[in-house]
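Chemist: Just so you know, we're using my numbering here: the sequence shown kicks off at 45 and counts up by one.
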Amino acid sequence: MRRTVSLAAAFAAAIALGATDLAAQRSSERRVANPGETQFELQLLRPSGGPVVPIFEGWYRNPDGTFELSFGYFNVNTEETLEIPLGSDNFIEPAAFDGRQPTVFEPVPESDRRHWGAFTVTVPADFGGRDVVWTLHARGQTLSVPGRLTSPAYELAGWEFPGRSSVSPLLRWTADGPGGRGPRGITGAARQARVGVPLARAAWVARGAAAGVDGGPG
């Protein structure tokens with residue numbers, strides 16, 4: 045069952061801006077609820093059978109001028125893990141940003157109400173007021189959330205915390221490999237694993253503000 049999003053605001057925009065501007069709107073924008081509206085009914089937590097709600101947490105600026113849009117999720121089930129493969133039930137628009145989102149959604153954590161910082165999407169410095177929309181379909185419900193840079197209230201600390209005079213550590217999978225820090229994290233080559241067979245992994249950590257200084261494997 046798909047929730048219908050009101051198009052009243054879109055019709056108003058058509059009158060003000062003309063049919064040409066309305067036709068130019070991306071289809072993903074029509075999946076997003078208007079301010080003050082919601083795509084899903086408020087539901088209590090349950091052991092299983094509920095959907096997964098995608099959540100936009102905010103944005104922060106990278107040193108190179110690009111931006112990170114941070115997303116999390118809320119699996120309303122306390123006991124059920126949902127698997128939603130990439131594709132028509134789990135996708136990001138524009139398609140150029142698709143593929144970084146998770147496919148396994150764990151139950152509500154004991155110490156919190158949802159999962160924070162599941163992944164980020166990197167957008168260019170001139171991204172402006174465009175949206176990055178994450179859509180999930182599960183348990184008969186299709187839910188979408190837009191990530192955007194237009195609200196200062198959604199700016200996050202990212203990887204640097206001036207108020208505490210601290211900086212997130214720089215992580216690498218190999219001593220001379222590319223590094224990542226903060227919610228963006230790092231990715232590496234695919235590894236093969238077998239059930240019941242341990243798979244050793246190591247990470248190199250650069251502690252403090254000196255990002256070019258490596259610690260040992262951890």
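Don't be surprised by glycine CBs; every beta carbon is placed ideally from N, CA and C. Note that the coordinates shown come from a computational prediction; the quantities given were computed from them, not determined experimentally.
So for PHE141, helix, strand or coil by DSSP?
Modeler: If DSSP states are grouped into helix, strand and coil, PHE141 belongs with the helices.
Chemist: Buried or exposed for PRO242, going by 16 or more other Cβ atoms inside 10 Å?
Modeler: By the neighbour-count rule (16 or more Cβ atoms within 10 Å), PRO242 is not buried but exposed.
Chemist: Please report the distance separating the alpha-carbon of ALA244 from that of ARG192.
Modeler: If I take the Cα positions, the gap works out to 38 Å.
Chemist: Is the separation between the beta-carbon of LEU214 and that of GLY221 shorter than 8 Å?
Modeler: Going by C-beta atoms, LEU214 is not nearer than 8 Å to GLY221.
Chemist: Helix, strand or coil for PRO190 per DSSP?
Modeler: Strand.
Chemist: So, for ASP133: in the same chain, excluding its five sequence neighbours on each side, which residues have a beta-carbon less than 6 Å away from its beta-carbon?
Modeler: Excluding residues within five positions, the ones whose Cβ falls inside 6 Å are HIS181.
Chemist: Is it buried or exposed, PRO95, if we count other Cβ atoms within 10 angstroms and call 16 or more buried?
Modeler: When all chains shown are included, PRO95 counts as buried.
Chemist: Keeping to the same chain, check which residues put their C-beta closer than 6 Å to that of TRP160; ignore five residues upstream and five downstream.
Modeler: GLY116, listed in sequence order.
Chemist: If you follow the beta strand (DSSP E) that LEU164 is in, where does it begin and where does it stop?
Modeler: The sequence given here has Thr at residue 164, not Leu. THR164 -> beta strand (DSSP E) spans 159-167.
Chemist: Among ARG235, ARG183, ALA201 and TRP178, which residue has its Cα nearest to the Cα of GLY131?
Modeler: Taking only the C-alpha atoms, the option nearest GLY131 is TRP178.
Chemist: DSSP on PRO196, reduced to helix/strand/coil?
Modeler: It is helical.
Chemist: What are the partner residues of ASN119, as DSSP defines its beta bridges?
Modeler: In the DSSP output, where bridge partners are listed per residue, ASN119 has VAL96.
Chemist: Taking Cβ to Cβ, would you say SER92 is nearer than 8 Å to GLU127?
Modeler: No; because the gap between Cβ atoms is not below 8 Å, this pair is not in contact.
Chemist: Hey, out of GLY102, PRO151, PRO107 and VAL120, whose CA is closest to LEU113's CA?
Modeler: The option with the nearest alpha carbon to LEU113 is GLY102.
Chemist: Going by DSSP, which residues form a beta bridge with PHE111?
Modeler: Answer is ARG105 and VAL167.
Chemist: Return the Cβ separation of THR164 and ARG228 in integer angstroms, given the expectation that the two are a contact with Cβ distance under 8 Å.
Modeler: Contact flag correct, Cβ pair sits at about 5 Å.
Chemist: To the nearest whole angstrom, what separates the beta carbons of ALA169 and THR110, a pair I think is in contact under 8 Å?
Modeler: Sure, about 6 Å apart at Cβ, within 8 Å.
Chemist: Going by beta carbon distance, what residues of the same chain come within less than 7 Å of GLU272, once the five residues before and after it are set aside?
Modeler: In the structure as shown, the chain begins at 45 and stops at 262. Residue 272 is therefore absent and cannot be evaluated.
Chemist: Looking at C-alpha atoms only, which residue of ALA162, ARG158 and LEU89 is the closest neighbour of GLY143?
Modeler: When each option's Cα is compared against that of GLY143, the closest is ALA162.
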